[in-house]
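Asker:
Residue numbers (our numbering): 13 to 224.
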């Protein structure tokens with residue numbers, strides 16, 4: 013297995029997540045996400061290309077090779093199992109768990125990761141609803157796109173950024189929670205969870221995946 017620095021592993025993981033959505037990544041996207049200079053990312057991509065982990069396309073985009081994908085998939089699995097370990101066993105809240113998992117994902121050897129997985133009972137998703145490996149296919153619709161009143165279940169928080177998770181926590185929007193959509197005026201979504209009625213902004217509604 014290729015030995016990579018933590019920043020190089022982070023680039024592979026981010027590229028994988030971008031590819032899942034868009035099919036390929038742009039250098040400019042990595043520069044923006046990691047807030048680094050073009051020179052820094054260029055050197056990193058050159059190294060990853062020499063290692064056979066990424067390849068450049070004719071339209072100036074970059075894609076992971078099969079080996080690059082394999083490494084990224086292992087990192088993502090390690091991250092999501094770390095989150096589960098922290099929330100389910102240690103009792104850490106899902107915001108701090110996500111932050112700590114960024115560090116832990118790089119350190120677990122395969123045998124320890126397997127023990128963690130077994131200890132947790134082979135969970136299908138992370139605390140935010142993202143799938144672990146190919147154990148489950150997560151699908152649904154953004155809460156902001158729901159125009160028919162009725163009951164829906166939260167299945168995923170799309171982007172695990174702190175401000176999004178904090179607002180989702182305040183509103184009670186966590187995977188597994190059943191809510192009732194009362195009204196969607198295109199700007200705000202009025203929902204009911206239990207006996208509480210809340211207004212969810214479209215910005216947050218875009219980050220909450222639900223199923224009917």
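Beta carbons are placed, not taken as given, at the ideal position from N, Cα and C, and that holds for glycine.
Quick one: what's got a C-beta closer than 7 Å to residue 213's C-beta in the same chain, skipping five residues either side?
Answerer: 200
Asker: Which value, in whole angstroms, describes the spacing of the CA atoms of residue 121 and residue 138?
Answerer: 19 Å
Asker: How long is the line joining the alpha carbons of residue 61 and residue 52, rounded to whole angstroms?
Answerer: 14 Å
Asker: Rounding to the nearest angstrom, what Cα-Cα distance links residue 103 and residue 112 in this structure?
Answerer: 13 Å
Asker: Taking the C-alpha atoms as reference points, what is the distance between residue 75 and residue 81?
Answerer: Roughly 9 Å between the two C-alpha positions.
Asker: Could you give the DSSP three-state label for residue 52: helix, strand or coil?
Answerer: helix
Asker: Just tell me which of 39, 44, 170 and 198 has its CA closest to the CA of residue 57.
Answerer: 39
Asker: Counting along the chain, where does the beta strand (DSSP E) carrying residue 45 start and finish?
Answerer: Premise fails: residue 45 lies in the alpha helix (DSSP H), 39-46, not in any beta strand (DSSP E).
Asker: For residue 43, which residues in the same chain have their Cβ closer than 8 Å to its Cβ, ignoring the five residues on either side in sequence?
Answerer: 49, 50 and 53
Asker: Are residue 180 and residue 194 closer than 8 Å when you measure CB to CB?
Answerer: With contacts defined as CB atoms closer than 8 Å, residue 180 and residue 194 fail to qualify as a contacting pair.
Asker: How far does the beta strand (DSSP E) with residue 164 in it reach, from first residue to last?
Answerer: 162-169
Asker: Return yes when the Cβ of residue 222 is within less than 8 Å of the Cβ of residue 155, no when it is not.
Answerer: yes
Asker: Could you check the C-alpha separation between residue 59 and residue 91 for me, to the nearest Å?
Answerer: 24 Å
Asker: What did DSSP end up calling residue 77 once you bin it into helix, strand or coil?
Answerer: Secondary structure of residue 77 (DSSP, three-state): coil.
Asker: Please classify residue 55 as buried or exposed, where buried requires at least 16 other C-beta atoms within 10 Å of its C-beta.
Answerer: exposed
Asker: For residue 175, count the other beta carbons within 10 Å of its own beta carbon; 16 or more makes it buried, fewer makes it exposed. Which is it?
Answerer: exposed
Asker: Relative to the alpha-carbon of residue 71, which residue among 37, 21, 203 and 101 has its alpha-carbon at the smallest distance?
Answerer: 37
Asker: Measuring only the C-alpha atoms, how far is residue 219 from residue 140?
Answerer: Answer to the nearest angstrom: the Cα atoms are 11 Å apart.
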